[in-house]
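Participant: Once you've had a glance at the structure underneath, I'll fire off some questions.
In this note's numbering, the protein residues as written are 3 to 271.
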């Protein structure tokens with residue numbers, strides 16, 4: 003997949019001329035960080051930071067989707083619109099699908115899924131994501147990647163890698179090192195910049211969200227624990243671009259939380 007460096011990083015989108023919605027799934031019962039949406043960062047709960055970032059993105063509407071009244075109460079305290087969902091959803095995508103059903107959105111509307119634990123995602127990434135899907139009518143999903151510049155991430159199963167074709171349509175996502183280098187090949191013949199890290203940001207067409215919940219889990223998804231493989235397995239097309247700006251901080255561990263607290267404390271002083 004040798005190619006010239008994408009020009010996407012130079013992209014600046016100040017205003018968009020189409021409509022999209024942002025839905026923020028926020029689950030209270032995190033295994034590693036219980037009550038994660040309500041953890042305080044620089045005087046505000048995490049979910050408020052995420053919501054306020056989303057409100058800077060020119061979306062038609064921003065919703066918080068949760069199954070916990072504690073999250074609902076805190077979200078209402080900063081005037082967010084909250085949609086209460088079922089407690090038995092397996093994934094955030096399932097929660098999104100319930101929200102679009104509750105709201106009665108039409109099939110071609112665009113939904114950006116901004117995770118409730120992703121702090122500091124810039125508006126330019128949300129715009130890029132929504133525009134990528136808007137401009138590619140034959141795709142059901144859009145997402146983003148970053149180039150990998152170190153061997154540790156290339157070989158880390160917690161870093162999801164992606165490969166894609168010449169039209170920026172995803173071919174496969176994996177926790178394994180893809181593409182694989184045979185022993186006869188040297189890393190300097192296939193530079194680190196030819197490995198791509200998938201960012202967990204998605205834009206969906208509503209029609210796909212409706213289909214997702216009715217589609218059974220496939221073996222590939224189960225094996226890799228990556229739900230986007232369900233879409234590829236059933237023939238859906240995923241559009242992918244190089245992220246135009248650094249992503250935010252995904253908070254999964256105490257270390258991530260401390261990093262976010264340090265960053266946002268620094269940025270406010």
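Glycine included, each C-beta is placed from N, C-alpha and C at the ideal position. Quantities reported herein were computed from a predicted structural model and do not represent experimental measurements.
By DSSP, does residue 106 sit in helix, in strand, or in coil?
Facilitator: Residue 106: coil per DSSP, three-state reduction.
Participant: Report the three-state DSSP secondary structure of residue 115 (helix, strand or coil).
Facilitator: strand
Participant: Run through the DSSP bridge pairs and tell me what residue 68 is partnered with.
Facilitator: 28 and 86
Participant: Looking at the structure shown, is residue 172 part of a helix, part of a strand, or coil, going by DSSP?
Facilitator: strand
Participant: Could you please give the first and the last residue of the uninterrupted beta strand (DSSP E) stretch that includes residue 156?
Facilitator: From DSSP, residue 156 is part of no beta strand (DSSP E) but of the alpha helix (DSSP H) over 153–156.
Participant: Quick one: complete beta strand (DSSP E) runs, 3+ long, within the segment 186–271?
Facilitator: 198–207 and 240–244
Participant: Residue 108 to residue 101, Cα distance in whole Å?
Facilitator: 12 Å
Participant: So residue 253 packs on residue 38, CB below 8 Å; how close in whole Å?
Facilitator: Contact holds; Cβ gap of about 7 Å.
Participant: Hey, how far is the Cα of residue 23 from the Cα of residue 181?
Facilitator: 35 Å
Participant: Near residue 143, which residues of its chain fall below 8 Å by C-beta distance, leaving aside the five closest residues on each side in sequence?
Facilitator: 135, 204, 205, 206, 207, 210, 230, 233, 238, 239, 240 and 241
Participant: Assuming residue 164 is part of the alpha helix (DSSP H), what are its boundary residues?
Facilitator: Note, residue 164: premise wrong, no alpha helix (DSSP H); beta strand (DSSP E) at 163–166.
Participant: Look at the alpha carbon of residue 345 and the alpha carbon of residue 66, and state the distance between them as a whole number of angstroms.
Facilitator: What the structure shows of the chain is the stretch from 3 to 271, and residue 345 is not part of that stretch, so it cannot be assessed.
Participant: Any chance the segment 51–61 sits against the segment 84–100, with 3 or more Cβ pairs inside 8 Å?
Facilitator: no
Participant: Grab the span of the alpha helix (DSSP H) containing residue 35 for me, first residue to last.
Facilitator: Counting along the chain, residue 35 falls outside any alpha helix (DSSP H), and DSSP gives it neither H nor E.
Participant: For residue 89 versus residue 60, is the C-beta distance shorter than 9 Å?
Facilitator: no
Participant: Just the Cα atoms here: how many angstroms apart are residue 168 and residue 199?
Facilitator: 17 Å
Participant: Only counting the same chain, and skipping five residues up and downstream in sequence, which positions put a Cβ closer than 6 Å to that of residue 94?
Facilitator: 27
Participant: Below 6 Å CB to CB, which residues in the same chain sit around residue 8 once its five sequence neighbours on both sides are set aside?
Facilitator: Because residue 8 sits at a pLDDT of 42, beneath the cut-off of 50, its placement in the model cannot be relied upon, and the following sentence gives the value as read from the coordinates. Excluding positions up to five away in sequence, the list reads 244.
Participant: One question on the structure: do residue 34 and residue 255 come within less than 9 Å of each other, judged by their Cβ atoms?
Facilitator: Yes.
Participant: Relative to the alpha-carbon of residue 116, which residue among 44, 214, 165 and 249 has its alpha-carbon at the smallest distance?
Facilitator: 249
Participant: Are residue 228 and residue 175 closer than 9 Å when you measure CB to CB?
Facilitator: Annotated as proximal: residue 228 and residue 175, with beta-carbon spacing under 9 Å.
Participant: Rounded to the nearest angstrom, what separates residue 11 and residue 247 at their Cα positions?
Facilitator: Caution applies to residue 11, whose pLDDT of 47 falls short of 50 and renders its modelled position unreliable; the model cannot decide the point.
Participant: Between which two residues does the beta strand (DSSP E) carrying residue 146 extend?
Facilitator: 143–149
Participant: Taking the DSSP output, what are the residues bridged to residue 46?
Facilitator: 43
Participant: What is the rounded straight-line gap between the Cα of residue 42 and the Cα of residue 122?
Facilitator: Near 14 Å, if we compare the C-alpha coordinates of residue 122 and residue 42.
Participant: In the DSSP assignment, what are the bridge partners of residue 63?
Facilitator: 23
Participant: Helix, strand or coil for residue 121 per DSSP?
Facilitator: strand
Participant: Roughly how many angstroms separate the alpha carbons of residue 151 and residue 212, rounded to a whole number?
Facilitator: 37 Å
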